[in-house]
Amino acid sequence: MDPINRTIRRLSGSNEFQQRYEMMKKEISSDPEIQHFLQKNQNLLARNAADQGMIKLYEFMTRSRKCADCPSLAECRNTMKGYEPKLMIQNGYIDMQYAPCPKQIASSEQRKTEKLVQSMYVPKDVLNATFDHVDVDNQTRMKALQAAEDTVRLLVEDPEHYKGLYLYGKFGVGKSYLLGAIANELKKQNKASFLIYFPEFLKEMKQSLGDQSFSGKIDAVKKSSILMLDDIGAESLSSWARDEVLGTILQYRMAEGLPTFFSSNFDYLELEHHLTYSQRGEEEPVKAARIMERIKFLSFPVEMKGKNKRNT
1 MDPINRTIRR LSGSNEFQQR YEMMKKEISS DPEIQHFLQK NQNLLARNAA
51 DQGMIKLYEF MTRSRKCADC PSLAECRNTM KGYEPKLMIQ NGYIDMQYAP
101 CPKQIASSEQ RKTEKLVQSM YVPKDVLNAT FDHVDVDNQT RMKALQAAED
151 TVRLLVEDPE HYKGLYLYGK FGVGKSYLLG AIANELKKQN KASFLIYFPE
201 FLKEMKQSLG DQSFSGKIDA VKKSSILMLD DIGAESLSSW ARDEVLGTIL
251 QYRMAEGLPT FFSSNFDYLE LEHHLTYSQR GEEEPVKAAR IMERIKFLSF
301 PVEMKGKNKR NT
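Going by this note's numbering, 211 is the number at position 211 of the sequence shown; the sequence numbering is gapless.
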């Protein structure tokens, strides 16, 4: 140990080491995030904390933060892949820990929801959709694409924004494809979303009552950062599915202000009529109105018209 200490003392006394050290200090002190950290915590830091924490500060400065220099999670260049450095104070001195980065959080959330809900039943072309390939052969599709792009921008720029889109129109006009394009665009911005084909999801929820997985699956859906319910209204609805599944999901998301998107063949009024009547022919307008109140709170209606692309 003594020879190592003598070597360090000898190096620290050399002009070359001192010049490099001063250059490093200057570079560190010019980092805006480090400046903010030191100013914010100046009353908590010991007198020589900045000097003693120089190595920690340098490591923080040279690592990628908020995925700024990482093209993908697989290419992360940080010491711990998928984790970014966070400065902290320990007993008056500077320390650092690694926390999940936005890409890691998005990836973990996506894996978690996919594990809990196996049957999303979303077609491959929808999962691979992009804004660049959205067909804008008429004005309604063009307006829908613009609304989608604007909504993505709001979700990225404003963490408080919660209002998604309610895309409605006849069969094959591109509603599901546009939902997929929104999901993929959000993914580029490190925003995790969960897209499910709603009629098949209801079937799975009914089956999950027998294997005790209902609670975990509905929690995964209702708590997902950004939820997309594709083809709502296409299902043959029971009172249980409407109130205990759809109602539970929408109530939670409305209360928490979580972004939610929908696609449907029905407009708001037609969907309310659909929700009013159960499989048994029961007429429950109050419960249907309650569901619609939540859908309207969570979304902005956008109509899509045009030829049925599935027949071309």
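Where is the CB? At the ideal position from N, CA and C, for every residue including glycine.
Within this structure, are the beta carbons of residue i and residue j separated by less than 9 Å?
i, j, result
"residue 260", "residue 226", "yes"
"residue 278", "residue 238", "yes"
"residue 167", "residue 262", "yes"
"residue 25", "residue 135", "no"
"residue 298", "residue 163", "yes"
"residue 302", "residue 155", "no"
"residue 287", "residue 252", "no"
"residue 313", "residue 234", "Only positions 1 to 312 of the chain appear in the structure, and residue 313 is not among them; the question remains open."
"residue 47", "residue 63", "no"
"residue 193", "residue 228", "yes"
"residue 306", "residue 174", "yes"
Within the continuous beta strand (DSSP E) that includes residue i, where are the two ends?
i, result
"residue 90", "83–90"
"residue 189", "Careful: residue 189 lies outside any beta strand (DSSP E) and carries neither H nor E."
"residue 218", "No beta strand (DSSP E) holds residue 218; the alpha helix (DSSP H) holding it covers 214–222."
"residue 315", "Because the chain in this structure spans residues 1 to 312, residue 315 falls outside the shown range and cannot be described."
"residue 234", "No beta strand (DSSP E) contains residue 234, which DSSP labels as neither H nor E."
"residue 95", "93–100"
Could you check the C-alpha separation between residue i and residue j for me, to the nearest Å?
i, j, result
"residue 80", "residue 152", "30 Å"
"residue 203", "residue 245", "11 Å"
"residue 294", "residue 254", "6 Å"
"residue 304", "residue 35", "50 Å"
"residue 180", "residue 74", "23 Å"
"residue 15", "residue 28", "20 Å"
"residue 201", "residue 241", "10 Å"
"residue 207", "residue 214", "8 Å"
Provide the residue span of the alpha helix (DSSP H) that contains residue i, from first to last.
i, result
"residue 42", "Element bounds for residue 42: n/a, residue is neither H nor E."
"residue 299", "First-last for residue 299: 299–303, but that is the beta strand (DSSP E), not the alpha helix (DSSP H)."
"residue 284", "That residue, residue 284, is in no alpha helix (DSSP H); it is neither H nor E in DSSP."
Enumerate, from N- to C-terminal direction, the unbroken beta strand (DSSP E) stretches of 3 or more residues contained entirely within the segment 236–281. Under the rule that a run must span 3 or more residues, the beta strand (DSSP E) segments found entirely inside the segment 236–281 read 260–264.
For the structure I just gave you, are there three or more beta carbon pairs, one from the segment 96–106 and one from the segment 57–71, closer than 8 Å? As far as the Cβ criterion goes, the segment 96–106 touches the segment 57–71, which means the pair count is three or higher.
What are the start and end residues of each continuous beta strand (DSSP E) run of 3 or more residues lying completely inside the segment 122–169, in chain order? Qualifying beta strand (DSSP E) stretches, in chain order: 163–168.
With a threshold of 8 Å, are at least 3 pairs of Cβ atoms found where one atom belongs to the segment 178–193 and the other to the segment 99–107? Contact between the segment 178–193 and the segment 99–107 is present: three or more C-beta pairs spanning the two stretches fall below 8 Å.
With a floor of 4 residues, list each alpha helix (DSSP H) that falls wholly inside the segment 31–79, ordered by position along the chain. Look at the segment 31–79 and you find these whole runs of alpha helix (DSSP H), each 4 residues long or longer: 32–40, 49–52, 54–62.
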